[in-house]
Amino acid sequence: MLWEGLSATRDLGRVYEIASILIRYGFGDMVGRLGLAPVLARAGRVLPLGHMEELVALPTPVRVRQALEEMGPSFVKLGQVLATRVDLFPPEWITEFGKLQNQAPEVPYELIRQQMLEDLGASPEAVFAWLDRTPLAAASIAQVHRARLHDGTEVVVKVRRPGIKPVVEADMRLLQRAAQAMEARFEELRQFQPSAMVRQFKVSLGRELDLAAECRHAERIAASFAGSDEIVVPAVHWQYTGPRMNVQDFVDGVSLSNMAAVDAAGLDRKLIARRGANAVLKMMFEDGFFHADPHPGNVFVLPGNRIALIDYGMVGRLSDARRNQVVGLLDALVMRDAARVTDVMLEWATQPNADESQMALDVDALVDQYHGVALGQLNLATMLIDVTVLLRANRLALPADLALMIKVFVTLEGLGRSLDPDFDMASEAAPFLRRAMLQRYRPATVLRDGIRTLADTAEIMSVLPRDIRRLLRSARRGNIKLHVDIDHLEDFGTQLNHSANRLTVGVVLAALIIGSSITLTVGGGPTLLGLPAFGLLGFVGAAIAGAWLVVSIWRSGGGR
Numbered sequence: 001m002l003w004e005g006l007s008a009t010r011d012l013g014r015v016y017e018i019a020s021i022l023i024r025y026g027f028g029d030m031v032g033r034l035g036l037a038p039v040l041a042r043a044g045r046v047l048p049l050g051h052m053e054e055l056v057a058l059p060t061p062v063r064v065r066q067a068l069e070e071m072g073p074s075f076v077k078l079g080q081v082l083a084t085r086v087d088l089f090p091p092e093w094i095t096e097f098g099k100l101q102n103q104a105p106e107v108p109y110e111l112i113r114q115q116m117l118e119d120l121g122a123s124p125e126a127v128f129a130w131l132d133r134t135p136l137a138a139a140s141i142a143q144v145h146r147a148r149l150h151d152g153t154e155v156v157v158k159v160r161r162p163g164i165k166p167v168v169e170a171d172m173r174l175l176q177r178a179a180q181a182m183e184a185r186f187e188e189l190r191q192f193q194p195s196a197m198v199r200q201f202k203v204s205l206g207r208e209l210d211l212a213a214e215c216r217h218a219e220r221i222a223a224s225f226a227g228s229d230e231i232v233v234p235a236v237h238w239q240y241t242g243p244r245m246n247v248q249d250f251v252d253g254v255s256l257s258n259m260a261a262v263d264a265a266g267l268d269r270k271l272i273a274r275r276g277a278n279a280v281l282k283m284m285f286e287d288g289f290f291h292a293d294p295h296p297g298n299v300f301v302l303p304g305n306r307i308a309l310i311d312y313g314m315v316g317r318l319s320d321a322r323r324n325q326v327v328g329l330l331d332a333l334v335m336r337d338a339a340r341v342t343d344v345m346l347e348w349a350t351q352p353n354a355d356e357s358q359m360a361l362d363v364d365a366l367v368d369q370y371h372g373v374a375l376g377q378l379n380l381a382t383m384l385i386d387v388t389v390l391l392r393a394n395r396l397a398l399p400a401d402l403a404l405m406i407k408v409f410v411t412l413e414g415l416g417r418s419l420d421p422d423f424d425m426a427s428e429a430a431p432f433l434r435r436a437m438l439q440r441y442r443p444a445t446v447l448r449d450g451i452r453t454l455a456d457t458a459e460i461m462s463v464l465p466r467d468i469r470r471l472l473r474s475a476r477r478g479n480i481k482l483h484v485d486i487d488h489l490e491d492f493g494t495q496l497n498h499s500a501n502r503l504t505v506g507v508v509l510a511a512l513i514i515g516s517s518i519t520l521t522v523g524g525g526p527t528l529l530g531l532p533a534f535g536l537l538g539f540v541g542a543a544i545a546g547a548w549l550v551v552s553i554w555r556s557g558g559g560r
């Protein structure tokens, strides 16, 4: 059992809390199928059996979102990651996950001050000329305070919530076990790849916990815009920055979450939309490293229609191969090359059992939708959503980096249209896609790829004789072994072992009863309560063993 070890760990209380929330929101069947109830029962915990009628009556996506909110910061972050998986969840689920707010109650300043004292090696009052004790914002991972350095520079101090790391680590252990149990017991959930999603989430959350990593991301993006005055990235003050705290310049601008303030400041909405789109497209298709959470609260506009991006905790990466695949897909759609579109999608799909014939039929229908559409007129966000719908219909999933890229595309187009109703993402993206296609087929690029391919081929050929010789030698010695891994065989073996143990106890119990009966009949020897002592003790032992056997079967759910 995946959960057996939890009964003796400090995570048991957290398991009980999560199971109680799931049951209250109507997911008691999941708790049972995950095997949580027997673990908690053996630990003496009793789960609540009732749930509130008004919660159960809510739509399933709403119940999942509210349950995640109640489970705490780690699960709120998990929901935010799930909001990027437009390839796995239909629009109503993505909408609900998108409502998960990264807000949390503020941590008392004295706790924050103690942690800052440890990290700074001096009191905050000595390091900063002024520090606002009231946070500017409080999120699930960290909270932000305004401050001023002694040289007059206005800054923001971001401090990780004290004690958050052990909680997150415990939740990660539970999520990993839960993902393994889901894949083993919920056939309908395997297409969502729970273990892969938890791994992606663990990496993403680990980066967010390291506030110094956020600053490294910021400086990497700042370097790519070093020659531009249009995009502003807050400067990092490294002498005060570490894993639990960072200090960056304060951005005094107008947030795009307040369109009325944008208009009141006399800013050019159309220009802002184009500049913002061009900045993100450059990061994606030229740099391969992009800000992955460009929602309105993270985008500020400065005088002169300059754009400032903040909060680099969530970033995306696109390798050269991934960028070539995206450009190839767009080109194949425009050229109505269904076979090439299918090839790219199958390269993206991580499941080995894809139905290629059905996939080809669906791709043909998708290609027909874009018949005669020029690259510059292609609605990228809509097209990419259509691709994810097609993959979801075929029970396939995108790699995490592509899912994040598509989510950013959709967010960016929505933000652009909120600024300018006539905003056209395809027109902004067309020059980047053309340059990417030209770059892909430049002589220097083709030559580089050719040399790399020749080198790889030469390396394979050089070691092939040796590998064949080793294989033949192993075959002659009888050292070749075939390993067959059958799903759920380990669970079946465990259940079979339990059943064999119970059967053995049953046989011994029957023998004990028969032997005791014979002893009572024969008589002789010491007596107890007027009966032969050995016979009476045999019946008492049989009664105890029988009671243990009944309780064991009941606890395991009827012998499963």
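Here UniProt numbering is used: the first residue of the sequence shown is 1, the next is one more, and so on. Where is the CB? At the ideal position from N, CA and C, for every residue including glycine.
key: Residues near Ala212 in its chain [Cβ-Cβ closer than 6 Å; skip 5 each side]   = Position 212 of the sequence shown, counted from the first residue, corresponds to residue 212. The beta carbon of Ala212 lies closer than 6 Å to those of Thr241, Gly242, Pro243 in the same chain, with the five residues before and after it left out.
ask   = Going by Cα to Cα distance, which pick from Pro59, Leu12, Glu70, Gly13 is closest to Leu22?
value = Here residue 22 is taken as the residue at index 22 of the sequence shown, counted from 1. By alpha-carbon distance to Leu22, the top candidate from Pro59, Leu12, Glu70, Gly13 is Glu70.
Pair within 8 Å by beta-carbon distance, Leu384 and Phe409 = Along the sequence shown, one-based indexing puts residue 384 at 384. Along the sequence shown, one-based indexing puts residue 409 at 409. Remark: C-beta atoms of Leu384 and Phe409 approach each other more closely than 8 Å.
message = I'd like the span of the beta strand (DSSP E) that includes Asn246, first residue to last.
response = Translated into positions along the sequence shown, residue 246 becomes position 246. Its beta strand (DSSP E) spans residues 245-249.
query = Using the beta-carbon count (16 or more within 10 Å), is Gln239 buried or exposed?
reply = In the sequence shown, the residue the question calls residue 239 occupies position 239. Exposed, by the Cβ-count rule.
ask   = Helix or strand or just coil, what does DSSP make of Val262?
value = For the purposes of this step, residue 262 is identified with residue 262 of the sequence shown, where counting begins at 1. Residue state, collapsed to three classes: helix.
Segment limits, alpha helix (DSSP H) that includes Ile112 = By 1-based counting over the sequence shown, the position of residue 112 is 112. 109-120 is the span of the alpha helix (DSSP H), which, as asked, contains Ile112.
message = Please classify Gly558 as buried or exposed, where buried requires at least 16 neighbouring CB atoms within 10 angstroms.
response = For this step, residue 558 is matched to residue 558 along the sequence shown. With a pLDDT of only 46 at Gly558, under the threshold of 50, the placement of this residue in the model should not be trusted; the figure read from the coordinates follows. So Gly558 counts as exposed.
message = Can you find the residues in the same chain that come closer than 7 Å, C-beta to C-beta, to Leu302, ignoring five residues on each side of it along the sequence?
response = The sequence position of residue 302 within the sequence shown is 302, counting from 1. So the list reads Val232, Gly253, Ala308, once near-sequence residues are dropped.
ask   = What residue range is occupied by the uninterrupted beta strand (DSSP E) comprising Lys202?
value = Here residue 202 refers to the residue found at position 202 when the sequence shown is read from its first residue. Note, Lys202: premise wrong, no beta strand (DSSP E); alpha helix (DSSP H) at 194-209.
request  = Look at the alpha carbon of Val389 and the alpha carbon of Lys282, and state the distance between them as a whole number of angstroms.
outcome  = Within the sequence shown, numbered from 1, the residue matching residue 389 stands at position 389. Within the sequence shown, numbered from 1, the residue matching residue 282 stands at position 282. Approximately 26 Å, taken between the alpha carbons.
query = If you draw a straight line from the alpha carbon of Pro162 to that of Ile112, how long is it in whole angstroms?
reply = On the sequence shown, position 162 is the one that residue 162 refers to. On the sequence shown, position 112 is the one that residue 112 refers to. For Pro162 and Ile112, the distance between alpha carbons rounds to 7 Å.
query = Given a threshold of 16 other Cβ atoms within 10 Å of its Cβ, counted over all protein chains shown, does Pro465 qualify as buried or as exposed?
reply = Here the question's residue 465 lines up with position 465 in the sequence shown. Per the 10 Å Cβ criterion, exposed.
Nearest-angstrom Cα separation, counted from Leu472 out to Gly478 = Indexing the sequence shown from 1 puts residue 478 at position 478. Indexing the sequence shown from 1 puts residue 472 at position 472. Each residue's alpha carbon lies about 10 Å from the other.
ask   = Just reading off the beta strand (DSSP E) that Ala308 is part of, what are its end residues?
value = Your numbering for residue 308 matches position 308 in the sequence shown. Ala308: member of the beta strand (DSSP E) spanning 306-309, first to last residue.
ask   = Run through DSSP, which three-state label would Ile544 get?
value = As a working note, residue 544 is residue 544 in the sequence shown. Three-state DSSP puts Ile544 in a helix.
Extent of the continuous beta strand (DSSP E) run through Arg313 = Within the sequence shown, numbered from 1, the residue matching residue 313 stands at position 313. The displayed chain sequence assigns Gly, not Arg, to residue 313. Looking at the DSSP string, Gly313 is not in any beta strand (DSSP E), and its letter there is neither H nor E.
message = Assess contact between the region 278-296 and the region 209-228, defined as three or more Cβ pairs (one per stretch) separated by less than 8 Å. Is contact present?
response = With a cut-off of 8 Å, the region 209-228 and the region 278-296 count as touching, because enough Cβ pairs lie within range.
inquiry  = Per DSSP, what are the beta-bridge partners of Phe290 in this structure?
reply    = Along the sequence shown, one-based indexing puts residue 290 at 290. DSSP lists Gly316 as partners of Phe290.
Which of helix, strand or coil DSSP assigns to Val62 = Position 62 of the sequence shown holds residue 62. Residue state, collapsed to three classes: helix.
Burial state of Met258 (16 or more Cβ within 10 Å) = On the sequence shown, position 258 is the one that residue 258 refers to. The question names Met, but residue 258 is Asn in the sequence shown. Exposed: under 16 other Cβ atoms inside 10 Å.
inquiry  = On the CB-based measure, 16 or more other CB atoms within 10 Å of its CB, does Lys202 come out buried or exposed?
reply    = Taking the sequence shown and counting its residues from 1, the one referred to as residue 202 is at position 202. Buried: at least 16 other Cβ atoms inside 10 Å.
message = What would DSSP say about Gly152, mapped onto helix, strand or coil?
response = Here residue 152 corresponds to residue number 152 of the sequence shown, with the count starting at 1. Residue state, collapsed to three classes: coil.
task = Please report the residue range of the beta strand (DSSP E) in which Leu302 lies.
result = As a working mapping, residue 302 is identified with position 302 in the sequence shown. Where Leu302 is concerned, the enclosing beta strand (DSSP E) stretches over 299-302.
message = Counting beta carbon pairs with one atom in the region 123-142 and one in the region 154-161, are three or more of them shorter than 8 Å?
response = A contact exists between the region 154-161 and the region 123-142.
ask   = Terminal residues of the continuous alpha helix (DSSP H) containing Val167?
value = Taking the sequence shown and counting its residues from 1, the one referred to as residue 167 is at position 167. Per DSSP, Val167 belongs to the alpha helix (DSSP H) from 164-185.
request  = Drop a sphere of 10 angstroms on the beta-carbon of Met425, count the other beta-carbons inside from all chains shown, and report buried for 16 or more, exposed for fewer.
outcome  = Start at 1 with the first residue of the sequence shown, and residue 425 comes out as number 425. Classification of Met425: buried, given that the 10 Å Cβ count is 16 or more.
key: Short Cβ contact (8 Å threshold) for Ala349 with Val341   = To locate residue 349, count along the sequence shown from 1; it is residue 349. To locate residue 341, count along the sequence shown from 1; it is residue 341. Not closer than 8 Å, so no.
key: Whole-angstrom C-beta distance between Val81 and Gln200, which should lie under 8 Å   = Locating residue 200 in the sequence shown gives position 200, where the first residue counts as 1. Locating residue 81 in the sequence shown gives position 81, where the first residue counts as 1. Right, the Cβ-Cβ distance comes to about 7 Å (below 8 Å), so this counts as a contact.
request  = In angstroms with no decimal places, state the Cα-to-Cα distance between Gly13 and Ala170.
outcome  = Within the sequence shown, numbered from 1, the residue matching residue 13 stands at position 13. Within the sequence shown, numbered from 1, the residue matching residue 170 stands at position 170. Cα to Cα, the separation comes out at about 11 Å.
ask   = Which value, in whole angstroms, describes the spacing of the CA atoms of Leu100 and Val86?
value = In the sequence shown, counting from the first residue as 1, residue 100 sits at position 100. In the sequence shown, counting from the first residue as 1, residue 86 sits at position 86. Rounded to the nearest whole angstrom, the C-alpha separation of Leu100 and Val86 is 16 Å.
ask   = Would Ser357 be called buried (16 or more neighbouring beta carbons within 10 Å of its own) or exposed?
value = For this step, residue 357 is matched to residue 357 along the sequence shown. Per the 10 Å Cβ criterion, exposed.
task = Could you tell me the distance, in whole angstroms, from the CA atom of Pro124 to the CA atom of Pro443?
result = For the purposes of this step, residue 124 is identified with residue 124 of the sequence shown, where counting begins at 1. For the purposes of this step, residue 443 is identified with residue 443 of the sequence shown, where counting begins at 1. Spanning the alpha carbons of Pro124 and Pro443 requires a straight line of approximately 57 Å.
message = Could you compute how far the alpha carbon of Ile18 sits from the alpha carbon of Arg469?
response = Here residue 18 refers to the residue found at position 18 when the sequence shown is read from its first residue. Here residue 469 refers to the residue found at position 469 when the sequence shown is read from its first residue. The alpha-carbon of Ile18 is positioned some 55 Å away from that of Arg469.
key: Distance, Ile451 Cα to Met461 Cα   = As a first step, residue 461 must be located in the sequence shown, where it is residue number 461. As a first step, residue 451 must be located in the sequence shown, where it is residue number 451. Cα to Cα, Met461 sits roughly 15 Å from Ile451.
key: Cβ-based burial, Leu510 [other Cβ within 10 Å; buried from 16]   = Working through the sequence shown from its first residue, we reach residue 510 at position 510. First, the residue type needs correcting, since residue 510 is Ala and not Leu in the sequence shown. Classification for Ala510: exposed.
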